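Adding 334 to a residue's 1-based position in the sequence shown gives its number in our numbering.
For every residue, glycine included, the Cβ atom is placed at its ideal position computed from N, Cα and C.
These numbers come from a predicted model, not from an experiment.
Data first, discussion second: the structure below is written as structure tokens.
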Amino acid sequence: MRGLLNGVLGVSLVVGSALGMFTEDGAFDMRRGLAIPNSFLAKVNGSEAVCDVVREKIDVIRRELAVDASRGDDGEEEMSVAMPIVSSCIVQFMGDELVKERVEQLEEVQYVTEDTEVFMAEDPPSWGLNRIDQADIPLSEGVPFSCSHTGKGVNVYVIDTGLNKDHVEFKGRAKLGGDFINEGSPVDQNGHGSHCAGTAVGATYGIAKQATI
């Protein structure tokens, strides 16, 4: 569960979907996603260490209120998950309104909001693509990404979790490099590296659709 949540969060941040859930003042806008029943996010004031303290406090609250724990990928109980973000962190936890109210009273917590599903926009597929192909804002709504440069003859190097060189999006343009995270192979076992590579050179939504990776 922890790996899945971290992976989902990482991908969301890259494509801009998760960032789209925030309003200008830093709060979540629930109209931008579909609420996940009994799942909440606590925005914590402070460092990752403070976030771990809050996570432990939330686990105590859940036990006091006899809220069942979820099971992680290893089969062990997993009460809550801390997810570091820039200059702060978020704790994801399961519970009812009583749990939510107790968590909101913790001095380290700025606010609690419902967890939500987020989706990429369809046109353009990512606002980032729309921003890349124009120098000025506001963004041109409804105009797909277009660029006269295809990246042909350019080599792109992505240092990340590895690469799935056989993915259909790369169409034979991908080669494996070095292992920088000591997994014994440069083959992507996480997905994040392949996602980033797809953003760069993917045949469908990539920026340089004919570059090698």
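Rounded C-beta distance between residue i and residue j? I'm assuming under 8 Å.
i: Gly310; j: Val535; result: Because the chain in this structure spans residues 335 to 547, residue 310 falls outside the shown range and cannot be described.
i: Val378; j: Val443; result: 6 Å
i: Asp393; j: Ser414; result: 6 Å
i: Ile541; j: Ile466; result: 6 Å
i: Glu431; j: Leu368; result: Actually they do not touch by this definition, with Cβ atoms about 19 Å apart.
i: Ile370; j: Asp449; result: 4 Å
i: Gly496; j: Pro520; result: 5 Å
For residue i, is the classification buried or exposed, using 16 other Cβ atoms within 10 angstroms of its Cβ as the cut-off for buried?
i: His529; result: buried
i: Asn498; result: buried
i: Leu463; result: buried
i: Phe374; result: buried
i: Ala376; result: buried
i: Cys385; result: buried
i: Ala383; result: exposed
i: Phe514; result: exposed
i: Lys509; result: exposed
i: Ala531; result: buried
i: Gly429; result: buried
i: Gly518; result: exposed
Does the Cβ-Cβ distance between residue i and residue j come in under 8 Å?
i: Val425; j: Arg389; result: yes
i: Glu321; j: Ala537; result: The structure shown does not extend to residue 321, since the chain is modelled only from 335 to 547, so the question has no answer here.
i: Gly511; j: Tyr491; result: yes
i: Asp500; j: Gly527; result: no
In the structure shown, what three-state DSSP assignment does residue i receive?
i: Lys543; result: coil
i: Asn372; result: strand
i: Glu441; result: coil
i: Leu432; result: helix
i: Asn464; result: helix
i: Ile493; result: coil
i: Val387; result: helix
i: Ile392; result: helix
i: Glu517; result: coil
i: Cys481; result: coil
i: Thr450; result: strand
i: Ser422; result: strand
i: Val535; result: helix
i: Ser528; result: helix
i: Val488; result: coil
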